[in-house]
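Novice: So the number in our numbering is just where the residue sits in the sequence shown, counting from 1, plus 655.
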Amino acid sequence: MRFLFVGLAGATALTFAVGAAAMTRQDDRAAPPSSPAPTASGLPEGEGRALTQQVCGQCHSVGIFASQRHTQDEWNEVIGRMMAKGMTAAEDDLYDVSDYLAANLGKGEATSTGG
656 MRFLFVGLAG
666 ATALTFAVGA
676 AAMTRQDDRA
686 APPSSPAPTA
696 SGLPEGEGRA
706 LTQQVCGQCH
716 SVGIFASQRH
726 TQDEWNEVIG
736 RMMAKGMTAA
746 EDDLYDVSDY
756 LAANLGKGEA
766 TSTGG
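Quick look at the structure:
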């Protein structure tokens, strides 16, 4: 999945336009919670939780997405849309956030694509 973030800054408008047109507002609908259970912070324990709170918490609380469940590709699309809205993070941090989200808030089997 590394290719998704490479050059994303230059392709942000295209990513946003394609993602917005192709997807219904899935990221706004909450799915039923699944294991692991969220902590008091709203996010499950796991490697990358603090970074995810920091990066995603730039603009909103983790409660906005803590109950959502997406595949890694879908989380990458969400991250792309957030970048289009002004989210900033180092490229390696984005890989770690994507991996955390897929592993802990995924729809099914998560595979790490970390950096």
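From the three backbone atoms N, C-alpha and C, an ideal C-beta is built for every residue, glycine too.
Here the structure is a predicted model, which means the values were calculated and not measured.
Mind reading off the beta-carbon distance from Leu-749 to Thr-707? Whole number of angstroms is fine, and I expect it under 8 Å.
Specialist: Contact check for Leu-749 and Thr-707: beta-carbon distance about 10 Å, past the 8 Å limit, so the pair fails to qualify.
Novice: For Thr-743 and Phe-720, what's the separation of their Cα atoms in angstroms?
Specialist: 18 Å
Novice: Is the beta carbon of His-725 less than 8 Å from the beta carbon of Leu-698?
Specialist: no
Novice: Buried or exposed: which applies to Arg-657, given that a residue is buried once 16 or more other Cβ atoms fall within 10 Å of its Cβ?
Specialist: Reliability fails at Arg-657, whose pLDDT of 45 lies under 50, so the model's placement of it is uncertain and no value is given.
Novice: With 16 other CB atoms within 10 Å as the buried threshold, where does Ala-758 fall?
Specialist: Ala-758 should be labelled buried.
Novice: Does the beta-carbon of Gln-713 have 16 or more other beta-carbons within 10 angstroms, so that it is buried, or is it exposed?
Specialist: Label assigned to Gln-713: exposed.
Novice: I'd like the list of long-range same chain contacts for Ile-734, defined as Cβ closer than 7 Å, with 5 residues on each side in sequence excluded.
Specialist: Leu-749, Val-752, Ser-753
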